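Asker:
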Amino acid sequence: MRTLLRRALLAGIAAVLPMAAHAATEIRIMWYNDGNEGEVARDLLNRFEAANPDIKVVLDQVPYKMITENLPQLVSSGQAPDIARITDLGGQADQYLDLGPLLKDRAYWEKNFAAVLPWTRPAGNTTGIFGLMTQLTVTMPIVNETLFQQAGIPLPGPKATWQEWAIAAKAVAQKTGAPIPIAMDRSGHRMAGPAISMGAKFFDGDTPALVDDGFKVMTKLLYDWHRDGTMSKQIWGSVGGTAYRGANEEFANGQVVLYFSGNWQFPQFAKTIGDGFDWHGVNNPCGPAACTGMPGGAALVAYKSTKHPAEAARVLDYLASEPVYAEFHARTLFLTAHAGLAAKGIAYKADMPQVRKSLEAAAANVLALSPVAYKLQGYARNRILFNALTVRLNQAIAGEMSLDDAWGRMTSDVADGLKAAGVK
Amino acid sequence: MITTLARLIDAPFDALQRRFGAARMPYVFVAPNLLVFGIFVAAPMILNVWYAITGGTQFMPADRPYVGASNFAELLDCTNHFIPATCKQDRFWRAVANTSWFVAFQVIGLVAISLLTALILNRRMPWRGFFRAVFFYPVLLSPVVVALIWKWILQPDGVLNAIVVGSGGARVPFLLDPGWAFSWTIVVSIWAHMGFYTLILLAGLQAIPADLYEAAEMDGTPHVRVFWRITLPLLMPNMLVVLVLALIRAVQSFDEIFVLTGGGPGTATQYIVQYIYETAFANQTHILGLAATASMLVGGVLLVLTLLQLAASARARGEAGR
Amino acid sequence: MIRFLTRRRGGARADWTDWFSWAYLALGVLVMFGPVLWLVLSSFKTQSALQEFPPSLWPMGQKQVAVPGSDRPLPVFSLPQPDGTSVERVMIRRVGLEGQFIDPADPARHVERARLANVTPVREMHFAIENYIEPLRQFNFARFLGNSLFVTIVATAITLLINAMCAFALSKYEFPGRNGIFLFIISTLMIPITVVLVPAFLIVTGLGLGNSLWGVILPPAATPTGVFLLRQYMLTIPDELMDAARMDHASEWRLFWRIILPLAAPALAVLAIFSVVWRWNDFLWPLIVLNRQENFTLQLGLAAFQGELQTQWHYLLAMTVVTLLPVTLVFAFLQKYITTGIASSGMK
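Protein chains in written order, with this note's numbering: chain S, 25 to 448; chain X, 4 to 325; chain G, -4 to 343.
1) I need the DSSP call for S:Arg355, collapsed to helix, strand or coil.
2) Under 8 Å between beta-carbons, which chain S residues line up against G:Asn113? List them in chain order, please.
3) Taking the continuous alpha helix (DSSP H) assigned at X:Asn74, which residues delimit it?
4) Rank X:Ile156, X:Ser192, X:Ala136, X:Leu11 by C-alpha distance to the C-alpha of X:Val175 and give the top, closest one.
5) Going by the CB atoms, is the gap between X:Leu113 and X:Ala249 shorter than 8 Å?
6) Looking at the strands, I want to know which residues DSSP matches up with S:Ala322.
7) Give me the subset of the stretch 117 to 150 of chain S whose CB atoms are less than 8 Å from a CB atom of chain G, sorted by chain position.
8) Considering only their Cβ atoms, is the gap separating X:Val31 from X:Val147 smaller than 8 Å?
9) How is the alpha helix (DSSP H) around S:Tyr372 delimited, first residue to last?
10) Could you check which residue in G:Pro68, G:Ala267, G:Leu144, G:Phe96 has the C-alpha nearest to that of G:Leu224?
11) Relative to the C-alpha of X:Thr201, which candidate in X:Ala121, X:Gln277, X:Asn101 has its C-alpha closest?
12) Shorter than 8 Å from the beta carbon of S:Glu93 to some beta carbon of chain B?
13) Would you report the Cα separation of G:Leu329 and X:Gly132, rounded to the nearest angstrom?
14) With C-beta atoms as the reference, is S:Arg416 less than 8 Å away from S:Ala439?
15) Leaving out five residues before and five after G:Leu140 in sequence, what residues of the same chain have Cβ atoms less than 7 Å from its Cβ?
16) Which residues in chain G have a C-beta closer than 7 Å to the C-beta of S:Gln103? List them in chain order.
17) Determine whether the Cβ of G:Met27 lies closer than 8 Å to any Cβ atom of chain X.
18) Can you find a CB in chain G that lies within less than 8 Å of the CB of S:Arg52?
19) If the cut is a Cβ gap below 7 Å, which residues of chain S does G:Arg173 touch?
20) Run through DSSP, which three-state label would G:Glu169 get?
21) Using the Cα positions of G:Ser16 and S:Asp437, report the straight-line distance between them to the nearest angstrom.
22) How far does the beta strand (DSSP E) with S:Val82 in it reach, from first residue to last?
23) So which residues of chain S does G:Phe48 contact, with C-beta pairs closer than 8 Å?
24) For G:Met242 and G:Gly221, I'd like the C-alpha separation in whole angstroms.
25) Along the alpha helix (DSSP H) that carries G:Gln76, what are the first and last residues, could you check?
26) Within the 8 Å Cβ cut-off, does S:Leu160 reach chain G?
27) Just verifying my parser: in three-state terms, what is the DSSP assignment at X:Pro240?
28) List, in chain order, every chain G residue whose beta-carbon is nearer than 7 Å to that of S:Met90.
29) Which class does S:Arg405 belong to by DSSP, given the choice of helix, strand or coil?
30) For X:His84, which residues does DSSP report across the bridge?
31) Using 8 Å as the Cβ pair cut-off and three pairs as the minimum, do the stretch 198 to 211 of chain S and the stretch 271 to 288 of chain S touch?
32) If I'm right that S:Gly217 touches S:Gly317 with Cβ under 8 Å, what's the distance once you round it to whole angstroms?
33) Taking only runs that begin and end inside the stretch 109 to 148 of chain G, name each unbroken beta strand (DSSP E) of 3 or more residues, in chain order.
34) Examine chain S for any beta-carbon lying closer than 8 Å to the beta-carbon of X:Phe284, and answer yes or no.
35) Just verifying my parser: in three-state terms, what is the DSSP assignment at G:Arg253?
36) Quick check on the burial criterion: 16 or more other C-beta atoms within 10 angstroms. Buried or exposed for G:Tyr228?
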C-alpha cells in the first residue's frame, strides 16, 4: 500500500517537474524534537529527496533553546535558515515568507488549514499562507484511573466543573495515599484554558487585558489549591522565571491523580507507563463560561530571506500533502490540524487502549475549544501575557507577594512588555 | 626537518624586526592578542553601551531609538532600594539582593573549605596525589554537567531523599523550599570550584620555609599562634588571589544555578546574571536596553571591588617587603 | 591542640589530628566522587527504572521473557501461592486491578488470575545500554566529536601562542603604553561573556564568522586570565638569560621562542589544561554561534535531547556521561602532572 502511494507520488511530482540536471539545491530546516518526530520527518524527507533529486533537505536537529533564544536573532540579522519549526507562531510573522503564490494547490491548504492559518499571519494580513502546522496540541487533563478505582470513587463526568474535579481528586489522593491530587504544567499557556473556562477574556476589544474577573477566579483557585495541598509546590514552585516544568515523572510514578498537561504527553506515557496503571486523557473540566483548554502547536515557516523560496515551498507542499501528512501524524501520535484528515480520522499506530481513549478525548477537546482560546493563541504577542502570568503567580505561590500584588504586577508587566515591543 | 620548521616560524618575525627595529618588537608581540581582544571583547562592550542608551526590542543597533538615560532611571526607580517590592523593576532588585547574600556565603564558605582542605593536603601522608586529584576533579566538569548531576540527586525522588526516607525522615523538598534551594546553590557552587582554590592555597603553603616552623616548634609556640603568626601571613598573597577570583566568579555565577534551580522557587535563587540573560533572551520581548544597563552596573560594581582588593594586595605586598 | 593547622613533620605518633584528616579525606572522596558515580550508575537504568522511588543502587529492571505467541517480551512477576511459597509467572495482560498470568515454562497451560496488589515484579540487573546506543545512532556522533576536538585543539594552540606573546611583551619589556594595555586586559576579567552575548553575536556574524567553527574559536582566545597567569610566571624568569642571548645576536622573536617559552612550560601547561577544559565544556557561546548540525560540537548535539515539553532523562544522563568521559580519562592519566603543575606554577 505504502509503496503504491509512494509510486503515485513519484509519478505525480515527476510529471510536474522536468528532470533536474543541475546540482541539488540545499534547503535547511531548523528542527527541535519532543519525541520521535525528527526521526519520522527525516524518513519522510528521504523519500522526498529520492523523488526530487534537485533538492537536498538538511534537517538541523537543534536544542529547543536555540529555537526560542537564538533563532529570533538569526532572523533579525538576516541569517535565518530556509525553514524552521517554531512554537512562538506569530512571534516574527513579518519575516515569514508568504507561501501562497508558490504552492501547487493553494485551495487545498486554505480548505484544510483554515482554522490555523491565521496563527502564523503577520498583523493585518488575512489571506496569506505563512506556515504549515506540524502538530496541533490541545491542553487537557490526564487522569490515573487506577487510583480512582482503588479509592472506589467514580470519575467525574464529561461536564464536571474544575471544583468538582478538585474535590474528587483530593478524595482519591486521601484514600490511596497519592501525594499530589492535581498537577499542572508550569506554564502560562496551560493556565489560560481553565481561566477562559472561568470567564477570562484576555482581551478588551483587541487590546490585551490579562487580569479580569474570570482570570482572578482561576488564579485564586490555583493559589488556594497550593495552600490546601490540592496541588504540590513541586511543579509551580520549583523553578523561577518563565521556565517550563512538567509533572511527567510524578504522573508516571503514580503520584498524581489528575495531571493537566496536553495531548503531546500520550506517546511518552505509552512508553513509560505502558500497562503499569490505567491512565487516559479526559474532557476539559468546565467553568461557567466554557469547558476549554488551549490550542497550540508547532509550525514550519519559511523565511523571506531564503534564497530558494520555490524549493522551500515544494518541501512544505510535500509535507502538507495528505498521505505524507497523515503518515507523519500516525507515527508521531500528534493531533492533526488538517480538517480533512481530522474528519476522516487518522490511523494512529497505537494499540494500547489508554492511548486510543486519550486520542478520542483529545479530539473531543479540540471541538470544545472556546473562541477566546483561539483568539489568544492567534495573538502574536501572547507570550508577554503568559510570561507575566507564570512569573507573578509563581511568586505569589512561593509566598513572596500577595495575590493582589501579583495581579498588579501582572498588569504592569504586560504594559511594559507591550510598550517595549512597540505596541500602542 | 625540525630546524627548517623553526626557521620558517622565525623568518617572518625576524623580518618584522628588521623592518621596525628591536624597540618596536613589544608591539608586535602584543598585537595579535590585542587584535582578537579588541574585536571580540572590547568592541562588544562598547556596543553594549549603545544598547544601554537605546530602547525597543530590535537587535540591529541601527534600528534602535535613542532613549538617553531612561533605562538607568527605570532600573534604579525604587521607593526604597532595600525592599525590592517597592521598585519598578522588582525582579532586578531581588536579583541584586539574592546575589549579595549568595556571594557573601559562597565566598566565605569557599575560602574556608579550600583552606581547610589545603592544610590537610599539606600534611605528610600516603596517597597525597590521589586526594589532591579527588578534590580537583569537579573543576573539570562543565557547569551543565555539574547542575544535572546535582539536580538528579536532589529531586524529590532522588537518592538524597531516598536516604532521608530510609533513615526515617520525611521527604525534604530540597529545591522547592526557598531556604533549601538557596543553600544548595551555594553548596553546589563550592563543590564545583573548591578544587581550584585549594591548589592555589596548597602552593602557597608549600612555599612557606620549613625552618620557620622548626624554629617555632623549638620555642614551644602554641600551634594556634603558629597558624595566625606564620601560616596565615605568609599565605596572604595566595589568599588575596583566591579572594579576588572567588568574588568575581561568584558574582558572575550563572550556568550551574540556571540549570539547577532555574532561579526558583519564586525568585529565591535568581541571581543577577540570570536576570540579565532572561531579560535579553528568554522572554519573548527581548528588552535589550534594560539588560545592557544592568550588565554595565554589574561590571562597574565588580571593577570597584577588584580595585579595592588589588589596592589591598599591593599594600600587603609592600608590607611583605617585595 | 589544633595541630593540623600546622603541618605534621613526620615521625611523631598518630594523634587525633591524623584521625580527623583521614576522616575528612574519606568524606571528601565520597562527596566529590559519589555524585559522579551515581550519575554513571543511573545512566544505565531504563526510563521506567529511573522513575522508581526509592531508587535502586544498581541498574535494575523487571525481568522479561519471550513467550511464544507474543511479539514482545513480557514482564515476570512473583505470585504468592496458598502454601506460602511463590512462583514466577509471566503477565500476559492486565485488566483493571487484576492481572492474567501464565507459566513461562508451560505457556499453553491455563491462565491464572491475581490481584496486582498481591504480586511483586521479579527484578534483575539490567544495563540499559540502549540509552547510549539510541542517541549515538540518531546523531552524527563522530562529526560532533570531530568538531569538538578541532575547536578544543586549535583554540588552545591559538590561546597559548597569542597569550604567551602578549605576556612576554608585558613582562620583559619597558615600552610606552605597557601598563595601560595590561590594565585594559585585566579590567575585562570582570565582565562575563554572558552579559554581552548580543553585541558579541552581532560582531561575529558581521565578520562572516557566524555558523563557522572559527566564530567559536576566536572570540574567547584572548583570555585575560591566560595573559595574567603567564605574565606573572614570566616575571620570575631572570632577564640575564635574555641578555646573554642578545650578546649572540639572537632576534627578539628567538629570545621569546627559544628561551622564554620553554622556561615558561609549567605555566603554559596549566593554561593549556584550563583552555582544554573550557573549550570542551563550552555551551552557551557555541549555542549562539552555531546553528547548523554539521558544525555542532558535542555539547550542542547532546543538548538536542531537551525538547520544549519534556526532558528525556534516560538519554540526558547517558549523554552527560559521554561528555565527561574524555575529560575524566585525560585527567586520570595526567592528574599528577596537572595538579602538581597548578600547585607549583599557579598564581605566584
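Yeah, the Cβ is synthetic: ideal placement off N, Cα and C, and Gly gets one too. Computed from a prediction, not measured in an experiment: that's the story for all the values here.
Answerer: Checking against the coordinates, here is how it stands:
1) helix
2) Going along chain S, no residue has its Cβ under 8 Å from G:Asn113, so there is no contact; the nearest lies around 14 Å.
3) 73 to 79
4) X:Ile156
5) yes
6) S:Gln159
7) none
8) no
9) Run containing S:Tyr372: none; DSSP gives neither H nor E here.
10) G:Ala267
11) X:Ala121
12) Reference to chain B is not applicable here, since the protein chains of this structure are S, X and G.
13) 11 Å
14) no
15) Leu293
16) Thr200, Gly205
17) yes
18) yes
19) Within 7 Å Cβ-Cβ: nothing; G:Arg173 doesn't reach chain S, min ~38 Å.
20) coil
21) 54 Å
22) 79 to 85
23) Asn277
24) 31 Å
25) Premise fails: G:Gln76 is in no alpha helix (DSSP H) and is neither H nor E.
26) no
27) helix
28) Leu282, Asn286
29) coil
30) Answer by DSSP bridge pairing: none, since X:His84 is not bridged.
31) yes
32) 4 Å
33) 118 to 120
34) yes
35) helix
36) buried
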